[in-house]
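Chemist: Just passing along the structure, written as structure tokens.
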Amino acid sequence: MSYDIMLVRVQPGLTLQGTVDRLNANFDPDADLQPLRLTQAQRSAWDRILRRVSRDAGPVESAEYPYSLTLETVGRPGRVQLDYCGDTAHIEVAYRHSGPATLKVMELAYRIARIVEDESGLTGHDFEVDQPTRTGDPVTAAARLSSVSTWAQHHLS
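Read the sequence shown against the working numbering and you will find it ends at 290, with the numbers running on by one and no gaps.
Rendered as structure tokens:
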């Protein structure tokens with residue numbers, strides 16, 4: 134279970150929510166995943182994302198899988214994972230951060246989301262707190278992450 138931020142390429146004539154609704158409607162959990170086939174522009178965007186996150190957010194580890202490109206931050210303030218598929222991307226933060234330190238990890242997650250937006254043209258939205266990543270407040274996201282993490286630590290451990 135993780136705190137998720139979604140980034141999508143808004144389809145012409147649709148809103149962000151309309152694009153997400155269309156993606157969800159077309160999702161078949163029983164279908165085989167389609168191999169990743171990035172365009173040259175999408176591959177170039179990934180290369181820029183990887184360089185900027187490494188430069189602006191700190192060390193990362195990256196990998197290429199059959200269905201996505203992935204990077205994970207290394208070290209403090211905590212692990213943030215980005216999975217990139219060309220027209221979509223997801224940022225995940227584990228529900229294990231709580232208290233004041235949570236703000237640093239959510240600032241990092243939002244910084245990564247904004248880099249992805251800048252370099253790829255995707256639009257990011259944090260549906261956990263219903264705010265765009267471009268203008269949203271990481272403080273609000275950190276409060277949500279912290280409260281769910283605290284609840285999970287007390288009720289699921």
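Each residue gets a CB set at the ideal place from its N, CA and C atoms; glycine is no exception.
(1) Go to V153, then tell me how far its alpha helix (DSSP H) extends in each direction, as first and last residue.
(2) Which of the three DSSP states is assigned to E240 in this structure?
(3) What are the residues that DSSP puts in a beta bridge with L255?
(4) Between the Cα of R181 and the Cα atoms of T268, G254, Y198 and S231, which residue gives the shortest distance?
(5) Below 6 Å CB to CB, which residues in the same chain sit around C218 once its five sequence neighbours on both sides are set aside?
(6) Using CA atoms only, rank isn't needed, just tell me which of T221, L241 and P210 is closest to V141.
(7) Determine the direct distance from the alpha carbon of P145 to that of L241, and round the result to whole angstroms.
(8) Between the stretch 156-174 and the stretch 188-206, can you find at least three pairs of beta-carbon atoms closer than 8 Å?
(9) Can you tell me the Cα-Cα spacing of A276 and R229, whole angstroms?
(10) With a Cβ-Cβ cutoff of 7 Å, do S231 and S279 count as a contact?
(11) Please name the residue, chosen from A174, F160 and G191, that lies closest to R244 on a Cα-to-Cα basis.
(12) Locate the alpha helix (DSSP H) running through S187, then write down its first and last residues.
(13) State yes or no: is the beta carbon of V213 nearer than 7 Å to at least one beta carbon in chain D?
Modeler: On the basis of the supplied data:
(1) For the purposes of this step, residue 153 is taken as residue 20 along the sequence shown, with counting starting at 1. Its alpha helix (DSSP H) spans residues L149 to N159.
(2) Numbered from 1 along the sequence shown, position 107 holds the residue referred to as residue 240. Note: E240 maps to helix in three-state DSSP.
(3) Residue 255 sits at position 122 when you count from the first residue of the sequence shown. Answer by DSSP bridge pairing: none, since L255 is not bridged.
(4) Your numbering for residue 181 matches position 48 in the sequence shown. Ranking the options by Cα distance to R181, first place goes to G254.
(5) Residue 218 sits at position 85 when you count from the first residue of the sequence shown. Cβ neighbours of C218 beyond the five flanking positions: S201.
(6) Counting from one through the sequence shown, the residue named residue 141 turns up at place 8. If we check each option's Cα against that of V141, T221 comes out closest.
(7) By 1-based counting over the sequence shown, the position of residue 241 is 108. By 1-based counting over the sequence shown, the position of residue 145 is 12. Note on geometry: alpha-carbon atoms of L241 and P145 lie some 30 Å from one another.
(8) With a cut-off of 8 Å, the stretch 156-174 and the stretch 188-206 count as touching, because enough Cβ pairs lie within range.
(9) Here the question's residue 276 lines up with position 143 in the sequence shown. Here the question's residue 229 lines up with position 96 in the sequence shown. Distance between the alpha carbons of A276 and R229 is about 13 Å.
(10) For this step, residue 231 is matched to residue 98 along the sequence shown. For this step, residue 279 is matched to residue 146 along the sequence shown. Going by C-beta atoms, S231 is nearer than 7 Å to S279.
(11) Locating residue 244 in the sequence shown gives position 111, counting from the first residue. The candidate whose alpha carbon is nearest that of R244 is G191.
(12) Mapped onto the sequence shown, residue 187 falls at position 54. That run of the alpha helix (DSSP H) goes Q173 to A190.
(13) In the structure shown, chain D does not exist; there is a single protein chain.
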